[in-house]
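Visitor:
Numbering (the working numbering), first residue to last: 1 to 728.
1. So residue 60 and residue 354 are supposed to be a Cβ contact under 8 Å. How far apart are they, rounded?
2. Less than 6 Å between C-beta atoms, sequence neighbours within five positions excluded: which residues of the same chain meet that for residue 305?
3. Considering just the uninterrupted stretch of the alpha helix (DSSP H) at residue 582, what are its terminal residues?
4. Run through DSSP, which three-state label would residue 144 get?
5. For residue 729, does the count of other Cβ atoms within 10 angstroms reach 16, so buried, or fall short, so exposed?
6. In this structure, how does DSSP classify residue 539 when only helix, strand and coil are distinguished?
7. Helix, strand or coil for residue 461, going by three-state DSSP, please let me know.
8. Where does residue 385 fall in DSSP's three states?
9. Looking at C-beta atoms only, is the number of pairs between the region 663-676 and the region 615-627 that lie closer than 8 Å three or more?
10. Under 8 Å by Cβ, that's how I've got residue 381 and residue 365 pegged, so tell me the actual separation to the nearest angstrom.
11. Let's test the definition: count the other Cβ atoms within 10 Å of the Cβ of residue 791 and tell me whether it reaches 16, buried, or not, exposed.
12. Using C-beta distances below 6 Å, list every residue in its chain close to residue 482, excluding the 5 sequence neighbours before and after it, in chain order.
13. For the beta strand (DSSP E) that residue 663 lies in, which residues bound it at each end?
14. Out of 244, 178, 221, which one is the CA nearest neighbour of residue 238?
15. Just mark residue 712 as buried or exposed, buried being the case when its beta carbon has 16 or more other beta carbons within 10 Å.
16. Go ahead and pull the three-state DSSP assignment for residue 514.
17. Taking the beta strand (DSSP E) that residue 245 belongs to, which residues open and close that run?
18. What does the Cβ neighbour count give for residue 664, buried or exposed, with the cut at 16 atoms within 10 Å?
19. Are three or more beta carbon pairs between the region 260-272 and the region 117-135 nearer than 8 Å?
20. Would residue 412 and residue 440 be called neighbours here (beta carbons separated by less than 8 Å)?
21. Based on Cα-Cα distance, which residue from 236, 158, 154, 203 lies nearest to residue 193?
22. Output needed for residue 433: all residues of its chain with C-beta closer than 8 Å, excluding positions within five of it in sequence on either side, in chain order.
23. Given a threshold of 16 other Cβ atoms within 10 Å of its Cβ, counted over all protein chains shown, does residue 568 qualify as buried or as exposed?
24. For residue 68, which option in 405, 93, 244, 168 has the closest C-alpha, if you only look at C-alpha atoms?
25. Compute the Euclidean distance between the alpha carbons of residue 322 and residue 328, then round it to the nearest angstrom.
26. Could you tell me the alpha carbon to alpha carbon distance between residue 562 and residue 426, rounded to whole angstroms?
27. Out of 690, 346, 662, which one is the CA nearest neighbour of residue 645?
28. Counting only the same chain and skipping the five closest in sequence on each side, list residues whose C-beta sits under 7 Å from that of residue 287.
29. Please classify residue 206: does DSSP put it in a helix, a strand, or coil?
30. Report the partner residues of residue 626 according to the DSSP bridge assignment.
31. Whole angstroms is fine: what's the gap from residue 64's alpha carbon to residue 162's?
32. Can you tell me the Cα-Cα spacing of residue 683 and residue 642, whole angstroms?
33. Measuring straight from C-alpha to C-alpha, what distance separates residue 204 and residue 554?
34. So, for residue 53: in the same chain, excluding its five sequence neighbours on each side, which residues have a beta-carbon less than 7 Å away from its beta-carbon?
35. Count the other CB atoms, across all protein chains shown, that sit within 10 Å of the CB of residue 132; report buried if there are 16 or more and exposed otherwise.
36. Considering only their Cβ atoms, is the gap separating residue 104 from residue 299 smaller than 8 Å?
Put into structure tokens, the structure is as follows:
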């Protein structure tokens, strides 16, 4: 690692290495350090972040990292260490010209140092490197470069230091915000953190993440939580986690001891709590009832936090308070903040918005719940709703833009309609009279930063852009995990309409539990056989067991199917061992088997695997390995009609994600082959055909329609058989 410190930033050279353990020599309590992770390695701001680091993207016309710095400054941080990833130079340049440069008289920090880790592939790699270099030698705040918070941490810091003095085993305190039992704008979609907390001493006992992609509907807790540690604890699914942590250097040492940890919560927190008896380390959670804390970690959270800024929840970090050097705003009626130098036509109606200097709003415009950057030109009779226009954006007359983000220097022609969820990356231009469908993403460069061939058919003759294809989500690579819940956060709109998911709410559970009683849905139930407590809203498997099992199982079966024409028994043995190791349910097994065989059949359509016709691809996927169809029957399905229906639904949903127009034909061919092999029965196929889940979206309905001929043949055969029986 090389450390580079622009703008008067300090070097790590010459710093004393810390003494090992929490009881070792450390800085005095008036010197608080902070580690800022400006690159989270989970890029959910594409295509914007290809050209510009996320921490410099504007939120309410102020770069995100400004909110992070303000939060650190108000809590007395003295030394700041920043990891920025691929865009370090841009962030360094920005800081060197800001008041956060240590060369500036107004900088509240004594040290601002940029950390470079050339081979980092995860947050874990960065923190392990920081431990190796001993960059921090006392208590430090660990935050991300997209945190927006006005929390005052004096009492939390005091409680942390008191616990640390009592025992060196007390290594970390998480700062959480109560969000209430109902819906809340700053609760993240797709991934819900669930904390089990000792009500008496605030020690965190267990952590898991709940996602709607999981199949089993329970949360597994260590029996020791109820039997040995405490009879008074809470399971909290209502907490807002901005990932603000107060840490001792021992936290970094634990990262170094576990090279498979990549993420602070899903890996590190879960692992440390799970192995508390082995490592003897304690982590605590301070739940605050007042103040604001959130991360703009993806576009959906960017939308939520921006709305909170407009409503003033983030005060004093709101435009009209002018706490930063980024403008001079005045608050008007209707929650409208306009900067000096912005102009709006007298008959324009602008409400609940933020408008920066140099922007001109034309006659007859209707603008609501928008944030508009500097030097934008809004034509006459334009309608803007729930939009984010960054700097130098031009909107032609009579155009309508709804719930979209338009980056710097974007241009929309006259009489255009830009619908919900559209993203315009930097410099995108579209012609007059263009209508864009919901969720269209446009860019002038591709995922590899190369110029794109402009799509004039879609965007008109004056266009300079094309649809952006994010290889992180559109790839057909076999290692792409379609069970990753982060894919639900990749767009501005949160949409699970195309997924067959439970949307039950997660309950917050408290205090004592009766191990001999079962509660209703949304409550807490105890399994007497296993002494495991269950949260009955979404599935959560031990150590994200569901997701890990599914990925490993699918890849294992695929490897076996590609391996030749031998017997399938060895693969079956490995699969069953994996099932036992993960305590996988029958439903999880069914899903993994269906997914693997469907993927194998689909990939046989591609040139890499022989460009087979759908019927041949289905036959080869099922029959190349001896015992494969028997494996499906015994392990993947079972004998009941409901189990067969579930297997077909999982197969259908897997093929829904295949980027090939023959996916529906593959589905029909697989069903026909499995029926011919007596793996699927007529009742199972007809039961699937009648199941409402098979046509919950247009895409699923299209796949189902390809099986109509097979279903009609089965129905006719059934009628003929009934007629023959009557004649007999």
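Just so you know, even glycine gets a beta-carbon here, dropped at the ideal spot from N, CA and C.
Guide: Let me spell this out:
1. Taking the chain shown and counting its residues from 1, one reaches residue 60 at position 60. Taking the chain shown and counting its residues from 1, one reaches residue 354 at position 354. Right, the Cβ-Cβ distance comes to about 6 Å (below 8 Å), so this counts as a contact.
2. Start at 1 with the first residue of the chain shown, and residue 305 comes out as number 305. Cβ neighbours of residue 305 beyond the five flanking positions: 148, 294, 296.
3. As a working mapping, residue 582 is identified with position 582 in the chain shown. Its alpha helix (DSSP H) spans residues 569-582.
4. For the purposes of this step, residue 144 is taken as the residue at position 144 of the chain shown. Residue state, collapsed to three classes: strand.
5. No information on residue 729 is available, as it lies outside the stretch 1 to 728 that the chain covers here.
6. The count along the chain shown starts at 1 and reaches residue 539 at position 539. Reliability fails at residue 539, whose pLDDT of 30 lies under 50, so the model's placement of it is uncertain and the value that follows must be treated cautiously. Here residue 539 sits in coil by DSSP.
7. The count along the chain shown starts at 1 and reaches residue 461 at position 461. Three-state DSSP puts residue 461 in coil, outside helix and strand.
8. If you number the chain shown from 1, residue 385 lands on position 385. In the structure shown, residue 385 sits in a strand (DSSP, three-state: E or B).
9. yes
10. Counted from its first residue, the chain shown places residue 381 at position 381. Counted from its first residue, the chain shown places residue 365 at position 365. Confirmed, Cβ separation roughly 7 Å.
11. There is no way to answer for residue 791, as the model of the chain reaches only from 1 to 728.
12. Counting from one through the chain shown, the residue named residue 482 turns up at place 482. For residue 482, the pLDDT reaches just 49, beneath the cut-off of 50, and the residue's location in the model is therefore unreliable, leaving the point undetermined.
13. What you label residue 663 is simply residue 663 of the chain shown in a count that begins at 1. In the DSSP assignment, residue 663 falls outside any beta strand (DSSP E) and within the unbroken alpha helix (DSSP H) covering 663-676.
14. What you label residue 238 is simply residue 238 of the chain shown in a count that begins at 1. When each option's Cα is compared against that of residue 238, the closest is 178.
15. On the chain shown, residue 712 is found 712 positions in, with the first residue counted as 1. Counting Cβ neighbours within 10 Å, residue 712 comes out exposed, since fewer than 16 surround it.
16. As a working note, residue 514 is residue 514 in the chain shown. Legend: pLDDT at residue 514 = 37, less than 50; position of this residue unreliable, no value from coordinates given.
17. As a working note, residue 245 is residue 245 in the chain shown. Residues 239-247.
18. Here residue 664 refers to the residue found at position 664 when the chain shown is read from its first residue. By the 10 Å Cβ count, residue 664 comes out buried.
19. yes
20. Counted from its first residue, the chain shown places residue 412 at position 412. Counted from its first residue, the chain shown places residue 440 at position 440. Not a contact, by the Cβ cut-off of 8 Å.
21. Counting from 1 along the chain shown, the entry for residue 193 is found at position 193. Per the Cα distances, 236.
22. Walking along the chain shown from the start, residue 433 turns up at place 433. Contacts found: 413, 414, 415, 416, 460.
23. Reading the chain shown from its first residue, position 568 is the one you call residue 568. Answer is buried; the Cβ neighbour count reaches 16.
24. By 1-based counting over the chain shown, the position of residue 68 is 68. Closest option to residue 68, Cα to Cα, is 244.
25. One-based indexing of the chain shown puts residue 322 at position 322. One-based indexing of the chain shown puts residue 328 at position 328. Using only the alpha carbons, I get a separation of about 6 Å.
26. For the purposes of this step, residue 562 is taken as the residue at position 562 of the chain shown. For the purposes of this step, residue 426 is taken as the residue at position 426 of the chain shown. If you take the alpha carbons of residue 562 and residue 426, they lie about 43 Å apart.
27. Looking up residue 645 in the chain shown gives position 645. Comparing Cα positions, the closest option is 690.
28. Taking the first residue of the chain shown as position 1, residue 287 is located at position 287. So the qualifying residues of the chain are 176, 178, 239.
29. Position 206 of the chain shown, counting from 1, holds the residue named residue 206. It is a strand residue.
30. In the chain shown, the residue the question calls residue 626 occupies position 626. DSSP, once it has assigned bridges, lists 567 as partnering residue 626.
31. Taking the chain shown and counting its residues from 1, one reaches residue 64 at position 64. Taking the chain shown and counting its residues from 1, one reaches residue 162 at position 162. For residue 64 and residue 162, the distance between alpha carbons rounds to 33 Å.
32. Taking the first residue of the chain shown as 1, we reach residue 683 at position 683. Taking the first residue of the chain shown as 1, we reach residue 642 at position 642. Taking the straight line joining both Cα atoms gives about 9 Å.
33. Within the chain shown, the letter at position 204 stands for residue 204. Within the chain shown, the letter at position 554 stands for residue 554. Each residue's alpha carbon lies about 33 Å from the other.
34. Taking the chain shown and counting its residues from 1, the one referred to as residue 53 is at position 53. If you ignore the 5 residues before and after residue 53, its C-beta comes within less than 7 Å of the C-beta of 38, 84, 87, 90, 91, all in its own chain and listed in chain order.
35. For the purposes of this step, residue 132 is taken as residue 132 along the chain shown, with counting starting at 1. Answer is exposed; the Cβ neighbour count stays below 16.
36. On the chain shown, residue 299 is found 299 positions in, with the first residue counted as 1. On the chain shown, residue 104 is found 104 positions in, with the first residue counted as 1. Not in contact: residue 299 and residue 104 (Cβ atoms no closer than 8 Å).
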